[in-house]
Amino acid sequence: MGLFSPWFLAALAGLGLPLYLHLLKRQTARPKQVSSLMLYESRTQASTRHRKLRYFLLLSLRLAVLLLLIVAFANPFVNRNAATFTSNRLVLVIVDNSFSMRAAARLADAKQAALGVLAGKGAARGQVAAFGSQLQFLTQAIEDQAALRAAVESIQPGDGHGNFGELARAVRALAPSVHTPIELHLFSDMQRSALAGNFSDMALPANVQFIPHAVATRPEPNWTVEAVDAPGQVWGKDARPVHVRAVIAGFHTPAAQRIASLVVNGKATATKPVAVPANGRAAVDFPALEVPYGFNRCEVKIDSADAFPADDQHHFAVERSDPQKALLVHNYGDSRSPLYIGAALSAAAQSAFLLESINANEAADRTPSNYAFIILSDLNTVPALLENSLASYVRAGGSLFIAAGTSAGARLQIPIFGARIAETRDYSRIPDRFMTVGSSDSSFPAVAKAEGWPGVKFFYALAVDPGDARVIVRLSDQTPVLLEKRIGEGRVVLFTSGLDNLTNDFPLNPAFVPFIEQTARYLSGSQRQGGARVVDAYLELRNAREQGQGVEVTGPEGKRPLTLKEAASAQSIQLTEAGYYQLRLANGRQNLVGVNPDPKESNLDVIPADVMALWQGKSNSGTQEASAPGAPPPRTTPESLWWYVMLFVFAAAIAESVLASRYLGTQREES
Amino acid sequence: MLQRFLKPSVLAAISGLELVAKTVVDGFVAGLHRSPDFGFSQEFAEYQAYTPGDDLRHVDWNVFARTERMYLKRYRGETNSPLTILLDASNSMQFTSHGVSKMDYARYLSASLFYLALHGQRDAAGLITFDDEIRNYVRPSTRQGQLHRLLAALEQAEARARTNFAKPARYFQEFLKRRGIVLIVSDFWESPESVVATLEPLRLNGNEVVLFHVLDPEDVRPSLDGPSILVDLETNEQLETTPDFAKKEYRSKVDAHIADLRDRAQAAGLGYCLLITDRPLDDALREYLTLRGGRN
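Those sequence lines, one after another, are chains B and E.
By numbering that gives the first Met the number 0, the letter at position 465 of the first sequence is numbered 464, and the numbering carries on one by one without gaps.
By numbering that gives the first Met the number 0, the letter at position 283 of the second sequence is numbered 282, and the numbering carries on one by one without gaps.
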């Protein structure tokens, strides 16, 4: 017996109030004048004595009402054996359908065991959920045995990566809304890789009794294609052969030779034996990936020799297309910028872009949408016609690179990008005569590949107000030198210095070529094309929310996972299945991505028994012992008595009302 | 029609005791139709044969001269019997339950009797107000303005202190040397025995004594809403009692008290007249005059 809120007992001091009032109110007769008391005699009415007695009863009832109310607020509870009210518990059946459950007959075994627990739950309420990367409830808390069984039967294997931390978080969120004890039955292969990074993330609430049912008790040997390194795009029919490297991993396996195959559009184009060491990894190279024009569904497969064939292939997509055209608009007479940019683009490993250099006067009759991206280099003036067409081009999904140079110093703001120019900074006048990079955002690929532009000397830059633009690189004096801004569906990258080797020495720096190459890939969108993703990753569908143009997504099974409303407004999609997703994005571009399960799912190692016991809150009992259904160990659970106390309050209040109206009503003299 | 003006509550609305008295007496006279019993004066009653030992002063010598027989002339009273009203002005007289206090009622009654005596009979009239002392004394007289003096004395009579007949009674003899009619107006909240014992000597001196027992309806039939604390107007004593007692025992006790006072008074040769303050004044006058007529 105890109190959840004992501090409410301080209100017991209020019991003095009715006592005080009853003592004060006992005599209420008012004096009345008479001519003489000669003939009167003192009388205490017999009923007055009775009324005092009844007053005492009334006082007792009032004190009882107050006392019980205070006790109700203090919320008393008693510790009761949870086993005494097992019918009042919620049996929560969770079946793991993560990717590793596809191994052997694990999922079928788990469902069978779950049906066994449901059959033995008696009159208790049950709820069924499937657990992949997230906990998905398939029923409400119901007693309908048939519905619960049907829900278990309907669980299908998934491709997600299980995380017991996520499971515990979902159960913790559920527990406060369930006012009865929860008997949590988890049917899983208890994969070690599903453990949360922090063990405290897997803590379960006090009213949850965790009963694991492991369908696998020991690690099983498994080979898998762990990773594939292949480009997402190849350009031109004469492009150099594309090199594909795959990593074959074995978990708890002996040393063995596996046969790896490169499959393009369902046809094996190359086969290679690979010797995989015991419990180790081996790489296999396919030197020439020949793919036809368009999107190609490629995969690396190994021959199946274990109980988990689902992870023996790795999907990826490769697009072959003609080199894309890029437009460089520069000042008349400026030959440096085309030289450096063109050299950088052609020096890149794959000549994916054909650079066309023109001066500003020639740009008016060009159609921007014909180019993958456009570079404006150090323009004195941007003709209004060009500016308008470029703005429309960007909003529709085009990309623009603006090198401000020295000419923009006379302007108030950068055209199209919209940033206000605060001042020009000529570093040739400071003692060191140049400024270096202070900080850079390495998550931006063009900077990451160029390793942060070490040693680049800047002699001149514009100080612009970034506004809502993303600042990628700042100089040592915090002047933004590289910024990115999304306008409509397109992107604009602003370089506040020049590309002409006059305002800086960047074009001569080794970081220049990777910077130009990655920027070109980034702006053309080829970086996002093709390739491979992991299940549960998100794929960006559109830039701006206000764009109403619909997207089309076709899943691995040929179904469209998005509703019409989602297709018109969703900014991203979660890739929940392994296979190939075909997309038509909001900017009109097509894409194909290969989606693979998380490689961690291929490691079928199980959670050690001691860790499992620790998770259960026990010190030394095995998982299997705990998995006997329907026999929860004795434990006490606090049961609140609030409701019963309130019933007493109600009864006492009614009795008080009856007594008060009966005894304190106006007394009338009989006529 | 005039009857309704004689209700105490109506009289209370009339300012001026003279007007009250005139209203009462005129209305009363109009309703009497020349009653043979009207008047205070002591008139010739009969002749009685002289017997030795009788007072020779009462012998009718004119009859003796004509008949040579001695007759005693008997009168109903003195021709000029002074009327003296002893008015109780103690605190209990100011009690009221319906707008007219016992003191007001006593004033109206006294004023009416004075008016009747002075204007009707041309008898002398006087007033003594008392509580536990003699508070005021207006000598009986028929002089011009006597009525105004009496009425002024009535106006000034304020209820205060407590009744004590024994203390002022010994002074009554000094003021009442001349035989006459003595009317005592009081609520007589004392034991009937002591009241009669105190006032009986007045009658023994040859006065005609009448007790006007003025009571409020609440004095006779009190009503209580519940157990109450009662406060004595004269002594300020407090006492708790119940509606049941007031309804049953008290009523029987007050009836016994009234009957005892009446019986003792009549036994001692004192006139007794019970006046409840919700009773019309002409009724009270009629009862009194009827009482006097019966006595003569």
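Virtual Cβ for every residue (Gly too), placed ideally from N, Cα, C.
Judging by CA-CA distance, which residue of the options is the nearest neighbour of residue i?
| i | options | result |
| --- | --- | --- |
| Ala-585 of chain B | B:Leu-540, B:Asp-604, B:Tyr-579, B:Tyr-54 | B:Leu-540 |
| Gln-190 of chain B | B:Asn-162, B:His-184, B:Gln-312, B:Ser-176 | B:Asn-162 |
| Gly-332 of chain B | B:Phe-352, B:Asn-360, B:Ala-316, B:Phe-307 | B:Asn-360 |
| Glu-488 of chain B | B:Leu-646, B:Pro-220, B:Leu-389, B:Val-512 | B:Leu-389 |
| Ala-347 of chain B | B:Asp-431, B:Gly-417, B:Pro-513 | B:Pro-513 |
| Arg-61 of chain B | B:Ala-652, B:Gly-466, B:Glu-152, B:Val-657 | B:Ala-652 |
| Ala-124 of chain E | E:Tyr-104, E:Ala-105, E:Lys-101, E:Leu-149 | E:Leu-149 |
| Pro-30 of chain B | E:Leu-223, E:Pro-279, E:Asp-281 | E:Leu-223 |
| Glu-217 of chain E | E:Gly-98, E:Leu-55, E:Trp-60 | E:Gly-98 |
| Phe-457 of chain B | B:Asp-464, B:Pro-465, B:Ala-447, B:Arg-428 | B:Arg-428 |
| Ala-491 of chain B | B:Leu-399, B:Ala-309, B:Gln-312 | Note on identity: in this sequence residue 491 of chain B is Val, with Ala being the wrong assignment. Checking every option, the nearest Cα to that of Val-491 of chain B belongs to B:Leu-399. |
| Pro-81 of chain E | E:Val-58, E:Val-62, E:Cys-272, E:Leu-126 | E:Leu-126 |
| Leu-494 of chain B | B:Val-246, B:Val-470, B:Ala-140 | As written in the sequence, residue 494 of chain B is Phe, which differs from the Leu given in the question. Closest by alpha carbon: B:Val-470. |
| Ala-254 of chain B | B:Ala-281, B:His-242, B:Glu-40 | B:Ala-281 |
| Gln-265 of chain E | E:Arg-220, E:Val-209, E:Asn-135 | E:Val-209 |
| Tyr-370 of chain B | B:Ala-316, B:Val-381, B:Glu-355 | B:Glu-355 |
| Ser-523 of chain B | B:Phe-372, B:Ile-210, B:Val-177 | B:Phe-372 |
Would residue i pass as an interface residue toward chain B - the criterion being a Cβ-Cβ separation below 8 Å?
| i | result |
| --- | --- |
| Tyr-170 of chain E | no |
| Val-194 of chain E | no |
| Asp-215 of chain E | yes |
| Ser-244 of chain E | Here residue 244 of chain E is Phe; the residue named in the question, Ser, does not match the sequence. Yes, its Cβ sits closer than 8 Å to a Cβ of chain B. |
| Tyr-104 of chain E | no |
| Tyr-114 of chain E | no |
| Glu-157 of chain E | no |
| Glu-236 of chain E | yes |
| Ala-218 of chain E | Checking the sequence shown, residue 218 of chain E turns out to be Asp, not Ala. Interface residue, yes. |
Hey, is residue i's beta-carbon within less than 8 Å of any beta-carbon in chain E?
| i | result |
| --- | --- |
| Tyr-39 of chain B | yes |
Taking C-beta pairs closer than 7 Å, name the residues in chain E that residue i reaches, listed in chain order.
| i | result |
| --- | --- |
| Ser-35 of chain B | Ser-91, Trp-188, Asp-231, Glu-233 |
| Thr-43 of chain B | Glu-239 |
Please state the DSSP three-state secondary structure of residue i.
| i | result |
| --- | --- |
| Ser-523 of chain B | helix |
| His-212 of chain B | strand |
| Asn-162 of chain B | coil |
| Val-534 of chain B | coil |
| Arg-424 of chain B | strand |
| Gln-237 of chain E | strand |
| Tyr-370 of chain B | coil |
| Glu-286 of chain E | helix |
| Ile-515 of chain B | helix |
| Gly-293 of chain B | strand |
List the residues of chain B that residue i touches, going by C-beta distances under 9 Å, in chain order.
| i | result |
| --- | --- |
| Phe-94 of chain E | Gln-32, Val-33, Ser-34, Ser-35 |
Can you name, in chain order, every residue of its own chain whose Cβ lies under 6 Å from the Cβ of residue i, other than the five neighbours on each side?
| i | result |
| --- | --- |
| Gln-237 of chain E | Ile-228, Val-230 |
| Ala-630 of chain B | Residue placement at Ala-630 of chain B cannot be trusted, given a pLDDT of 44 that sits under 50; the coordinates are not used to answer. |
| Pro-453 of chain B | none |
| Ala-462 of chain B | Ala-421, Glu-422, Arg-424, Thr-478 |
| Asp-499 of chain B | Arg-335, Ser-336 |
| Leu-91 of chain B | Gln-126, Ile-181, Leu-183 |
| Phe-505 of chain B | Val-455, Phe-511 |
Once you ignore the five residues that flank residue i on each side, which residues in its own chain have a CB closer than 8 Å to its CB?
| i | result |
| --- | --- |
| Glu-239 of chain E | Pro-226, Ser-227, Ile-228, Leu-229 |
| Pro-560 of chain B | Val-552, Gly-554, Ile-572, Thr-575 |
| Arg-177 of chain E | Pro-81, Pro-139 |
| Gln-93 of chain E | Ser-100, Lys-101, Met-102, Ala-158, Leu-232 |
Spatial neighbours of residue i within its chain, please: CB distance less than 7 Å, with the 5 preceding and 5 following residues excluded, ordered by chain position.
| i | result |
| --- | --- |
| Ile-69 of chain B | Phe-7, Leu-8, Ala-10, Leu-11 |
| His-57 of chain E | Leu-71, Lys-72 |
Would you mind telling me which residues of chain B sit closer than 8 Å to residue i, beta carbon to beta carbon, in chain order?
| i | result |
| --- | --- |
| Val-253 of chain E | Leu-38 |
| Ser-227 of chain E | Ala-28, Arg-29, Pro-30, Lys-31 |
| Asp-277 of chain E | By Cβ distance, chain B contributes nothing, its closest Cβ being about 15 Å from Asp-277 of chain E, past 8 Å. |
For residue i, return the contacting residues in chain B, with the cut-off set at a CB-CB distance below 7 Å.
| i | result |
| --- | --- |
| His-256 of chain E | Leu-38 |
| Tyr-249 of chain E | Leu-38, Tyr-39 |
Can residue i be considered in contact with the ligand ZN, in the sense that its beta carbon sits closer than 7 Å to one or more heavy atoms?
| i | result |
| --- | --- |
| Asn-369 of chain B | As presented, the structure is devoid of all ligands, the ligand ZN included, so that no description of it is given. |
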